[in-house]
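Below: the structure, in structure tokens.
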Amino acid sequence: MSRYQDDNSRFKKIEELINDPLLTQIPSDPQPSEIAEILAKNPAVIGWIGNILVDLESQISNKKLLISKKSRELAIKKSEIRLGTINAYRKKLEEVLTNEVDEIKKLMETGYTRAEAKEIVRLRRPEKPREADLSDKAEFITREFVTTQIEPLEDEILVLQKEYDDWKVKYKLFENNFKASQSIKGLIQNDRDRY
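Numbered per my numbering, the sequence shown spans residues 407 to 601.
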């Protein structure tokens, strides 16, 4: 028998134990044999569920770490977009400023006064992008990154967290059942000692 088959059979046994009504709910008038069975089998189930919880915690932690990494990538992309927009503005402004004198002369030749020509040239300068505009543009451009890279990870975390919570409830159920069985065992022993 291979190790995988052995693990698979162990998994099936644990699944059977999890679904065993005796282990999940102590009878109202338990027999000593039932208490002994619970005390014998419950620790294996508790340990197995505990391992699942540790694994799920690890998966959730890894996903959160990956989201943190992707968020840093996103911040860098947004910063690059803002910087690129500012650099494009500066380049365009530099081109406009180098040609301003020639533009003023051309406008004055067509009949404008110097003040009017300067005002027209000044109005043709590119508008400096505001911080809000830069942020909006960066958000718009990186929206696809968020929807394809970060949001699926957040959805996976929600699914894993729900699964973790479900297993945690089962863990507490079996743990409480085990503790109650230990108490009942103590009561049964006290009763036997009296008589």
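Glycine is no exception: its CB is placed at the ideal position from the N, C-alpha and C atoms. In this text the structure is predicted, and so the values were computed from the model without any measurement.
From this set, Pro436, Lys447, Ile432, which residue's C-alpha is nearest Lys419's C-alpha? Nearest of Pro436, Lys447, Ile432 to Lys419, Cα basis: Lys447.
Using only alpha-carbon positions, find the residue among Ala450, Thr430, Leu480 that is nearest to Gln555. If we check each option's Cα against that of Gln555, Leu480 comes out closest.
As a quick exercise: from Gly592, Ile594, Glu562, pick the residue whose alpha carbon is nearest that of Leu472. Among Gly592, Ile594, Glu562, the Cα nearest to that of Leu472 is on Glu562.
Quick one, are the C-beta atoms of Ile452 and Phe584 less than 8 Å apart? The criterion of a C-beta distance shorter than 8 Å is satisfied by Ile452 and Phe584.
Contact between the segment 487 to 504 and the segment 534 to 550 is defined here as three or more beta-carbon pairs at a separation below 8 Å; is this criterion met? Short answer: they touch.
Reduced DSSP secondary structure (H/G/I, E/B, other) of Ser439: Reduced to three states, the DSSP call for Ser439 is helix.
If you count every other CB in all the chains shown that lies within 10 Å of the CB of Ile482, and 16 or more means buried, which is it? With fewer than 16 Cβ atoms within 10 Å of its Cβ, Ile482 is classed as exposed.
Looking at C-beta atoms only, is the number of pairs between the segment 526 to 534 and the segment 507 to 517 that lie closer than 8 Å three or more? Result yes; three or more Cβ-Cβ pairs closer than 8 Å.
Write down every uninterrupted run of the beta strand (DSSP E) in the segment 482 to 546 whose length is 3 residues or greater and which is fully enclosed by it, in chain order. Within the segment 482 to 546, there are no complete beta strand (DSSP E) runs of at least 3 residues.
Among the residues of its own chain, which have a CB less than 6 Å from the CB of Pro438, if the five just before and after it don't count? Same-chain partners within the cutoff: Ile594.
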